[in-house]
Every structure is written in C-alpha cells, then in structure tokens.
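J.:
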Amino acid sequence: MVERDEGFGTGLAELMNPEVARNPQPIYSLLQASTPVFRLDGVGVIVASRAGVDEVLRNPDLFSSGVNAHDLKTKRPLIPLQIDPPDHKKYRKLLDPLFAPQRMKLLEESTVRLVNELIDGFVEADEIDFSQQFSTPYPSQVFLTMFGLPMAELPRFLAMKDGVIRPDVVVGQEFGHPDTEAHQQRTADSIYEYFEEVIDERAGAPRDDFLSHFLTAEVDGDRLTHEEILDICFLFLIAGLDTVTASLDCFYGHLAEHPETRRKLVEETDAIPAMVEEMLRWETPVMGGARVATSDTRIGEFEIAEGEMVMALLGAANVDAAEFPDADQLVFDREVNRHLAFGGGIHRCLGSHLARLELRVALREWHRRIPDYRIKPGAELVYTAGIRTLASFPMLLGPG
Ligand code: HEM
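Just so you know, we're using the numbering used here here: the sequence shown kicks off at 1368 and counts up by one.
1. If you scan the segment 1605 to 1669 from start to end, which runs of the beta strand (DSSP E) of 3 or more residues do you find wholly inside it?
2. Can you list, in chain order, the residues of its chain with a C-beta nearer than 8 Å to that of Pro1468? Leave out the 5 residues immediately preceding and following it.
3. The ligand HEM heavy atoms versus the CB of Phe1603: any closer than 6 Å?
4. Check the C-beta distance from Leu1763 over to Tyr1740 and give it rounded, since I have them as a contact under 8 Å.
5. Got a sec? Which residues, its chain only, sit under 6 Å from Lys1460 by beta carbon, not counting five neighbours each side?
6. In three-state DSSP terms, what is Ala1526?
7. Between the alpha carbons of Thr1751 and Trp1649, how many angstroms are there, rounded?
8. What are the complete alpha helix (DSSP H) segments, minimum 4 residues, inside the segment 1380 to 1425?
9. Please tell me whether, using a cut-off of 6 Å, the distance from the CB of Thr1756 to the nearest non-hydrogen atom of the ligand HEM is below it.
10. In three-state terms, what does DSSP make of Ile1566?
11. Are the Cβ atoms of His1734 and Leu1632 separated by less than 7 Å?
12. Starting from Met1678 and walking both ways along the beta strand (DSSP E), at which residues does that stretch end?
13. Can Gly1718 be considered in contact with the ligand HEM, in the sense that its beta carbon sits closer than 6 Å to one or more heavy atoms?
14. Quick check: the Cα distance between Arg1723 and Pro1640, rounded to an integer number of angstroms?
15. With a cut-off of 8 Å, do at least 3 Cβ pairs link the segment 1711 to 1718 to the segment 1409 to 1424?
16. Tell me whether Pro1504, by its Cβ, gets closer than 6 Å to a heavy atom of the ligand HEM.
17. Measuring CB to CB, does Ser1431 end up less than 7 Å from Gln1449?
18. For Ser1759, does the three-state DSSP call read helix, strand or coil?
19. Could you check which residue in Ala1492, Leu1608, Arg1705, Val1490 has the C-alpha nearest to that of Arg1755?
20. With three or more beta-carbon pairs closer than 8 Å as the criterion, would you say the segment 1679 to 1695 touches the segment 1391 to 1404?
21. Going straight from the alpha carbon of Ser1784 to that of Pro1453, what length do you get?
22. The beta strand (DSSP E) with Asp1496 in it runs from where to where?
23. Hey, could you find the ends of the alpha helix (DSSP H) Tyr1458 is sitting in?
24. Among the candidates Phe1760, Glu1732, Ile1737, whose CA atom is the shortest distance from the CA of Thr1478?
25. Roughly how far, in whole angstroms, is the beta-carbon of Val1434 from the beta-carbon of Arg1658, given that I think they are within contact range, below 8 Å?
26. Which residue marks the beginning of the alpha helix (DSSP H) containing Tyr1740, and which one marks its end?
27. Taking a contact to mean a Cβ-Cβ separation below 7 Å, would you say His1580 touches Leu1465 in this structure?
28. Any heavy atom of the ligand HEM inside 6 Å of the beta-carbon of Ser1614?
29. With a threshold of 16 other CB atoms inside 10 Å of the CB of Glu1645, please say whether the residue is buried or exposed.
30. Alpha carbon to alpha carbon, what distance is there between Pro1766 and Arg1630?
31. Report whether the distance from the Cβ of Val1490 to the nearest heavy atom of the ligand HEM is below 6 Å.
32. When burial is assigned at 16 or more other CB atoms within 10 Å of the CB, is Gln1551 buried or exposed?
33. Out of Pro1534, Ile1558, Arg1569, point me to the one whose CA is closest to Thr1547's CA.
34. Rounded to a whole number of angstroms, what is the C-alpha to C-alpha distance between Asp1451 and Phe1542?
35. Where does Glu1541 sit, in a helix, a strand or coil, going by DSSP?
36. Rounded C-beta distance between Met1654 and Ile1413? I'm assuming under 8 Å.
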C-alpha cells in the first residue's frame, strides 16, 4: 500500500522519479506496448491503457476514491474528491453550477488584469524565475479573487498549500521524518482554522463570492454543514492551485524550446483553446488518479484483489494510439480530443472550466507581450512526480 500522498498523484512519486516526470511520454508508450496493466510492489496495480483507465474511472462502485483519506492530515475525507456514490452526486449537484462555463466567463476580466499585473512586474527584466514570479502566484491570486479574500493573503495561501502538499520540501526532511509530519499536521490544522474564521465572517456578512454561496446553497432542501464547507475549501486549496501551476510549468517548459509554437500563439489567438487542450493531453500535468478496489475484480485478464490500490495513469491513457491518431505528436488542430487530463467519470475535474480560462488567458496575454523567451542555458528543470510542478524555472526573456 502507498504510504504517502502527493495530492492526486498518490503513489506516483514512488513509480516516477523526477527524470520520468520531466519526460514521461516515452515511458508511457513503453508501458502500453509491454505491460498495460501491472502490479508494482509497494504501490499497487498500475493501469496504463486508455481502455483500462476508462474502466477504472467509470466504475466508482468497484474502484473507490475513499483512498488515503487522511494522508494529508485532514480530519475527514475531502469533498467531493474522496467521496464515493451515492453522496458524491449531492455535492456535485451543488458545486457544478458554481463552476459552469458561463460563470467562469465572468472571471475573464479580473483574470486578464491579474495576468497583466504579474507581467508588469518583470516585463522589462532580462531574466526571471517563471515558477516563482508567474506560475506559482497566478492561480492563488485567481483563487483569492474568487473567494473575495485580500491579495495580501497570498504568502499565507502559498505556505498552506505547500505545507500540506510538500512538507518534505518545506522542512528539508523526508516524508516520515517527525519534523515533516509535524509541519504537515500543523499546516493542515491551520487550514481548518483559517477557513473557520473566514466562514464565520461571511456568515455574519454575506457577499457575492464563492464562500457566501456555499453558506446559502441548497441541494434537495439541504444546506451544507459547517464541516462540509471546510472539507470543500480544504480540497480547493490543494486541487485548484498546484494543478494550474503544473500546467503552466509543463506548457512553458515546452514552449521555451519551440519558437514555431510560440509564433502560432501570437499570430493565431483563435487557435489557443485547441492548443490548450492538446498541451493538456500531451503534458498531462496530473499524472494519475488513485483508487482502491472494493472487491475482487479484473481489468481485462488482469486480476485485482479487494483492497488493492489501483493507479490510473492518465498521462499514459492520453498517449494511447488506440484513442489518438499520431498520439506521440502534438497536433494542434485535432478534430476530436477526448483527453483525460481532467480525469473522467464522476470525479472529472470540477474546476476544468476555471483551469481552461486561466490557461487561455495566461497564454494569450503573455505571448502578446513576451513572444520570445528561453530556458536559461545551464538550468535544469526538475519536475516533481505526481503533479508535475517546478520549484524553479530560470528563464531569459527576449529574442536572445
Ligand atoms: C489544469 C488544471 C487542472 C488539472 C490538470 C486538474 C486535474 C484534475 C483531475 C485529474 C481530477 C480527477 C482526480 C481523480 O479522479 O482522482 C480533478 C478533480 C478535481 N479538481 Fe481539478 N484539475 C485542475 C484544476 C482545478 C481547479 C482550478 C480546481 C478548482 C476548483 C479544481 C478542482 C477539482 C476538484 C474539486 C476535483 C474533485 C472532483 C470530484 O471528485 O468530483 N481543479 N482535477
């Protein structure tokens, strides 16, 4: 069984080292050709084919998401990620309308402003750290805006997210080390405390923001309890920030070395939505999703025992030639692109429309103002496994 959790990437850190996270597609293809479903000691069953991954994601009764519920030192399962049917449906019924495409469109103007303010801060510089100065702060700032929280909370938000997702990096000690565990626990507790305070404040003076909606929204006549709202907020902090950061890190890592694609982003802004989808497919920033088998079962001929951990490799499913023609190439005008970068089945990403908005706006505004850039010579991009973020991305701006 997996002992630690990297958000959605549970167990992948054990399966994938940073070298694989940097360049995963060849490994995915290799797995598909040799062992599309296999058992990895200490991790569980790994599923790498599109058909197999679909089977796992589309059968929540057989493959439960109530897995590693406490690995992030949470008090209760995260809502809705770690909730199985039938309760899961109730939460999505309430949350889906809040994240619908039409509602997300309303955020476009403030998102454009945020991106441009960030770019203002470094557009004249020759060299920046893309991760520190752009891909990390940006999604958190969008979130603060949506939640009606002051921008001054940014450092606190980043500390909360990192302290719970990667306390090992923050503390400088392995997972399992008492200092790391203590830091993660302290951070998790502080997340509950923080949102408790904000929720109390909003309950007294509701506004037009997401938190106020959680307080008043009803499904089938029921309101969310105080604890349920906390469990949703906790998940948003870990689901909605690193994932967008990782997507930007992956996209720009590629773009920095592909001037022809950058030119397309500048010259054909109408093509940006399709380009985002194709880069999501190719890069699959969230490499996999974890489940646990609820009874003895099988995927194809491969037998799985009740209680076994099952890792659906989304990245591998996204380069499966059975689903995608020219699967091993970036094809920006695919007519059909049924990628699984946002997962699939009932747990498919709640924030996909928000993520798409953030990514499209970032690519459009950035390339309008900074069409040329490259990885600083000599710099090595070290991607984390599971969710493929970069701690540092030294970048030179300008034609060079
Ligand atoms: C490009 C950025 C993003 C990627 C690649 C991504 C990816 C994913 C994936 C793969 C899942 C499914 C996990 C599983 O089945 O185990 C998921 C679920 C989820 N995501 Fe995202 N996500 C992104 C952005 C966001 C954002 C911005 C939010 C903000 C609200 C968000 C909120 C959620 C939630 C709440 C779930 C759980 C849904 C459920 O269990 O019903 N995500 N995401």
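Just so it is clear, CB atoms sit at the ideal spot from N, CA and C, and this is done for glycine as well.
T.: Concretely, from the data shown:
1. Counting whole runs of 3 or more residues, the segment 1605 to 1669 contains the beta strand (DSSP E) stretches 1655 to 1660, 1664 to 1666.
2. As a first step, residue 1468 is located in the sequence shown; it is residue number 101 there, counting from the start. Here the set comprises His1720.
3. Position 236 of the sequence shown, counted from the start, is the residue given in the question as residue 1603. The answer is yes for Phe1603.
4. Numbered from its first residue, the sequence shown carries residue 1763 at position 396. Numbered from its first residue, the sequence shown carries residue 1740 at position 373. Yes, they are in contact, since the Cβ atoms of Leu1763 and Tyr1740 sit about 6 Å apart, within 8 Å.
5. For the purposes of this step, residue 1460 is taken as residue 93 along the sequence shown, with counting starting at 1. Closer than 6 Å at Cβ, skipping near neighbours: Val1586.
6. As a position in the sequence shown, residue 1526 is number 159, starting the count at 1. DSSP places Ala1526 in the helix class (H, G or I) of the three-state scheme.
7. Reading the sequence shown from its first residue, position 384 is the one you call residue 1751. Reading the sequence shown from its first residue, position 282 is the one you call residue 1649. When rounded, the distance between both Cα atoms is 17 Å.
8. 1385 to 1389, 1392 to 1401, 1417 to 1424
9. Position 389 of the sequence shown, counted from the start, is the residue given in the question as residue 1756. Thr1756 Cβ: outside cutoff for every heavy atom of the ligand HEM.
10. Numbered from 1 along the sequence shown, position 199 holds the residue referred to as residue 1566. Helix at Ile1566.
11. Here the question's residue 1734 lines up with position 367 in the sequence shown. Here the question's residue 1632 lines up with position 265 in the sequence shown. Result yes, Cβ atoms of His1734 and Leu1632 sit closer than 7 Å.
12. Here residue 1678 is taken as the residue at index 311 of the sequence shown, counted from 1. Taken as a continuous stretch (DSSP letters only), the beta strand (DSSP E) holding Met1678 covers 1676 to 1680.
13. Position 351 of the sequence shown, counting from 1, holds the residue named residue 1718. Yes, Cβ of Gly1718 sits closer than 6 Å to a heavy atom of the ligand HEM.
14. Position 356 of the sequence shown, counted from the start, is the residue given in the question as residue 1723. Position 273 of the sequence shown, counted from the start, is the residue given in the question as residue 1640. Distance between the alpha carbons of Arg1723 and Pro1640 is about 8 Å.
15. When Cβ pairs closer than 8 Å are counted between the two stretches, the segment 1711 to 1718 is seen to touch the segment 1409 to 1424, the count reaching three or more.
16. Residue numbering aside, residue 1504 sits at position 137 when the sequence shown is read from its first letter. Every heavy atom of the ligand HEM is 6 Å or more from the Cβ of Pro1504, so no.
17. Position 64 of the sequence shown, counting from 1, holds the residue named residue 1431. Position 82 of the sequence shown, counting from 1, holds the residue named residue 1449. The beta carbons of Ser1431 and Gln1449 sit no closer together than 7 Å.
18. On the sequence shown, position 392 is the one that residue 1759 refers to. Correct three-state label for Ser1759: coil.
19. Your numbering for residue 1755 matches position 388 in the sequence shown. Closest by alpha carbon: Leu1608.
20. Yes, they touch.
21. Residue numbering for the chain in the displayed model covers 1368 to 1767; residue 1784 lies beyond these limits and cannot be assessed.
22. In the sequence shown, the residue the question calls residue 1496 occupies position 129. From DSSP, the beta strand (DSSP E) with Asp1496 extends over 1494 to 1496.
23. One-based indexing of the sequence shown puts residue 1458 at position 91. Run containing Tyr1458: 1454 to 1462, per the alpha helix (DSSP H) assignment.
24. If you number the sequence shown from 1, residue 1478 lands on position 111. Checking every option, the nearest Cα to that of Thr1478 belongs to Glu1732.
25. Taking the sequence shown and counting its residues from 1, the one referred to as residue 1434 is at position 67. Taking the sequence shown and counting its residues from 1, the one referred to as residue 1658 is at position 291. That pair is a contact at about 6 Å.
26. Within the sequence shown, residue 1740 is the residue found at index 373, counting from 1. Note, Tyr1740: premise wrong, no alpha helix (DSSP H); beta strand (DSSP E) at 1740 to 1742.
27. Indexing the sequence shown from 1 puts residue 1580 at position 213. Indexing the sequence shown from 1 puts residue 1465 at position 98. Their beta carbons are under 7 Å apart, which means His1580 touches Leu1465 by this criterion.
28. Here residue 1614 is taken as the residue at index 247 of the sequence shown, counted from 1. Result yes, Cβ under 6 Å from the ligand HEM.
29. On the sequence shown, residue 1645 is found 278 positions in, with the first residue counted as 1. Looking at its Cβ environment, which holds 16 or more other Cβ atoms inside 10 Å, Glu1645 is buried.
30. Here residue 1630 is taken as the residue at index 263 of the sequence shown, counted from 1. Here residue 1766 is taken as the residue at index 399 of the sequence shown, counted from 1. Computed Cα separation, rounded: 12 Å.
31. Numbered from its first residue, the sequence shown carries residue 1490 at position 123. The beta carbon of Val1490 sits no closer than 6 Å to any heavy atom of the ligand HEM.
32. The residue you call residue 1551 lines up with position 184 of the sequence shown. The residue is buried, with at least 16 neighbouring Cβ atoms inside 10 Å.
33. Counting from one through the sequence shown, the residue named residue 1547 turns up at place 180. Checking every option, the nearest Cα to that of Thr1547 belongs to Pro1534.
34. Numbered from 1 along the sequence shown, position 84 holds the residue referred to as residue 1451. Numbered from 1 along the sequence shown, position 175 holds the residue referred to as residue 1542. Asp1451 and Phe1542: Cα-Cα distance of roughly 28 Å.
35. The sequence position of residue 1541 within the sequence shown is 174, counting from 1. Here Glu1541 sits in coil by DSSP.
36. As a first step, residue 1654 must be located in the sequence shown, where it is residue number 287. As a first step, residue 1413 must be located in the sequence shown, where it is residue number 46. Met1654 to Ile1413, Cβ: 11 Å. No contact.
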